[in-house]
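Engineer:
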Amino acid sequence: MRDRPSDAPIQAKDYKLFPASVAKEDANWDRGLTIEEMPLNAAICAPVDGAHIGAGACEIAGYAVAFGRAVSRVEVSVNDGTDWLQAELTSQPDSPWSWTQWHVTVDLSPGLHVLVVRAVDGAGQMQPERPEAIWNFAGYLSTAWHRITVTAG
14 MRDRPSDAPI QAKDYKLFPA SVAKEDANWD RGLTIEEMPL NAAICAPVDG
64 AHIGAGACEI AGYAVAFGRA VSRVEVSVND GTDWLQAELT SQPDSPWSWT
114 QWHVTVDLSP GLHVLVVRAV DGAGQMQPER PEAIWNFAGY LSTAWHRITV
164 TAG
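Every letter in the sequence shown is one number past the one before it in my numbering, and letter 141, counting from 1, is 154.
1. Measuring alpha carbon to alpha carbon, tell me which residue in A79, F80, V84, V91 is nearest I73.
2. Ignore the nearest five residues each way along the sequence and tell me which others in A56's own chain have a CB closer than 7 Å to its CB.
3. Kindly give me the distance between the Cβ atoms of I161 and D96, rounded to whole angstroms, as I take these residues to be in contact under 8 Å.
4. Under a three-way DSSP split, which group does Q24 fall into?
5. Are three or more beta carbon pairs between the region 143-158 and the region 112-123 nearer than 8 Å?
6. Roughly how many angstroms separate the alpha carbons of G137 and V127, rounded to a whole number?
7. Who does G124 pair with in a DSSP beta bridge?
8. Please list the segments of the beta strand (DSSP E) lying wholly inside the region 74-149, counting only runs of 3 or more residues, in order along the chain.
9. Nearest CA to the CA of E50: which residue from P32, L102, R82, A68?
10. If you run the structure through DSSP and keep just helix, strand and coil, what is E72?
11. To the nearest angstrom, report how far apart D191 and A33 are at their CA atoms.
12. Among the candidates P60, E38, K29, whose CA atom is the shortest distance from the CA of T47?
13. Which residues in the same chain as S168 place their Cβ atom closer than 7 Å to its Cβ, once the five residues preceding and following it in sequence are excluded?
14. Among the residues of its own chain, which have a CB less than 8 Å from the CB of Q24, if the five just before and after it don't count?
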């Protein structure tokens, strides 16, 4: 155990959090908050971003992780977050540190679709829509809603 944060470069700079108003070149690295845990996150693994897929039934699948809590719900949108469907959690591990797999089958009309996923943890916290509130210069806290674009038809 140490009585102060590590002075290793990755700890001293990459794992620091500052308000959005602070530019990297103006940052006082001793005053930044140290990232100690990762926030709730979910991502789409299939289909892949930019995929051309058949119209009609399409399975969307991915993972979610709550880092210290259980994932309680995953929601998917096929219209960039306007409407949401609840995904089925296909694995709910006993450990709150484990990844949870999920999937949902949707009906895609022909055309371009922005698919979005968001997760909710056991404490009711939802993954943030945008990264601004949790951003750091190295991008380590970039766990906003995951978006991909697919073309059905």
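C-beta atoms are modelled at their ideal positions from N, C-alpha and C, and glycine is treated no differently.
Structural biologist: Well, looking at it:
1. Selected option, being the one with the closest Cα: V91.
2. Excluding positions up to five away in sequence, the list reads G75, Y76, V130, H159.
3. Their Cβ separation, rounded to whole angstroms, is 17 Å, which puts I161 and D96 out of contact at 8 Å.
4. Annotated three-state conformation of Q24 is helix, per DSSP.
5. Cβ pair count under 8 Å is below three, so no.
6. Each residue's Cα considered, the two are about 25 Å apart.
7. The beta-bridge partner set that DSSP reports for G124 consists of A165.
8. Entirely contained in the region 74-149, the beta strand (DSSP E) runs reaching 3 residues are, in chain order, 84-90, 113-121, 124-134.
9. Closest by C-alpha distance to E50, out of P32, L102, R82, A68, is R82.
10. Strand, per DSSP.
11. Because the chain here runs from 14 to 166, residue 191 falls outside it and cannot be looked at.
12. It is K29.
13. Examination of residue 168 is not possible in this model, given that the chain is present from 14 through 166 alone.
14. So the qualifying residues of the chain are P18, T47.
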